[in-house]
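Here the numbering used here is used: the first residue of the sequence shown is 1323, the next is one more, and so on.
No residue lacks a Cβ here, since even glycine has one placed at the ideal position from N, Cα and C.
One structure is given here, and the rest of the page talks about it.
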Amino acid sequence: MKVVIGRRILMSGLFIAAFFTTFQTFSGVSAAELQQWMMGNFEQEREEILHTARDNAHKGTSFRARSLPAVKTEEMSMSQEIVASEPVSLEEAIDWSKYPSEKVVATGYTAGYESTGKNPGDPSYGITFSGVQVKRDVYSTIAADPDVYPIGTVLFIPGYGYGVVADTGSAIKGKKIDLYYETVSDVFNKWGKQEVEVFVVKKGDGSLSEEEFNSLNEDEAVQVFRNQMFD
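If you want it as structure tokens, here you go:
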């Protein structure tokens, strides 16, 4: 096996030597010159490759250098976008310290018999003192003492949302409010009875129409909060 390999190496060497001799005879270029030419081309190609690599590296470095502030800016904008796109609660979205606040006792109620003595089918079922239909939304109908919070007053109740005073109640006197929920289960599971600090967003003038109430919930600015509440 070693003899065969040796012969192959010898034959390859003789072929290369013959090639250089033949090339020199017909072209007048010596083997040394051919080797130099080949090495030169190799070096030139190598240089071109390296030059291209340097150009790319330079471009990459320049690109990175130019992009660095943009990346920082992008990171900052991304963090702002994340904050904006995350489910930010109403409590976090607004500086409530700008509004006057008061502590009240808040309970929950429904449109049903257990709260109003009325059943579905009653002409006044679900109709508040103001004439507005009860509703649970970003702005929900609530009941309050009109001597404390006149009809149309808008309160912000942490953990509940905006409450628009649309109703009254015989047991709702002084600093007490009643928050509307659609079911008895919601009343007990989502609220119960709490002492809470509420913020007075707008003092009512004693009246509230269905159009005025609906316009609050149709405002585009509150849609994101509706999605949070009902997703």
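Look at the Cβ atom of residue i, then the Cβ atom of residue j, and state whether they are nearer than 8 Å.
i     : j     : result
T1463 : A1488 : yes
K1497 : V1523 : no
G1474 : D1417 : no
V1476 : Y1482 : no
P1468 : T1490 : yes
V1426 : I1499 : yes
L1412 : F1547 : yes
V1506 : E1424 : no
Within the same chain, show all residues whose beta-carbon is closer than 8 Å to that of residue i, passing over the 5 residues directly before and after it, in chain order.
i     : result
S1446 : K1440
P1472 : V1487, K1525, G1526, D1527 and G1528
Apart from the five residues just before and just after residue i, which ones in its own chain have a Cβ nearer than 6 Å to its Cβ?
i     : result
E1532 : V1454
L1538 : Y1461
V1509 : G1430 and Y1503
Tell me whether residue i sits in a helix, a strand or coil according to DSSP, three-state version.
i     : result
S1529 : coil
I1371 : Any answer about I1371 is weak, because its pLDDT of 38 lies below 50 and its placement is not dependable; what the coordinates show is given next. Note: I1371 maps to helix in three-state DSSP.
K1497 : coil
D1489 : strand
Y1447 : coil
Y1435 : helix
E1542 : helix
E1424 : strand
V1522 : strand
V1506 : helix
K1515 : strand
N1536 : helix
If contacts are defined as beta-carbon pairs under 8 Å, then residue i and residue j qualify, I think. What distance do you get, rounded to the angstrom?
i     : j     : result
F1521 : F1478 : 4 Å
V1460 : V1518 : No, V1460 and V1518 are not in contact; Cβ-Cβ is about 18 Å, not under 8 Å.
Near residue i, what residues of its chain come up, given a Cβ to Cβ distance below 7 Å and the 5 sequence neighbours on each side ignored?
i     : result
V1456 : A1433, G1448, T1450, T1463 and Y1502
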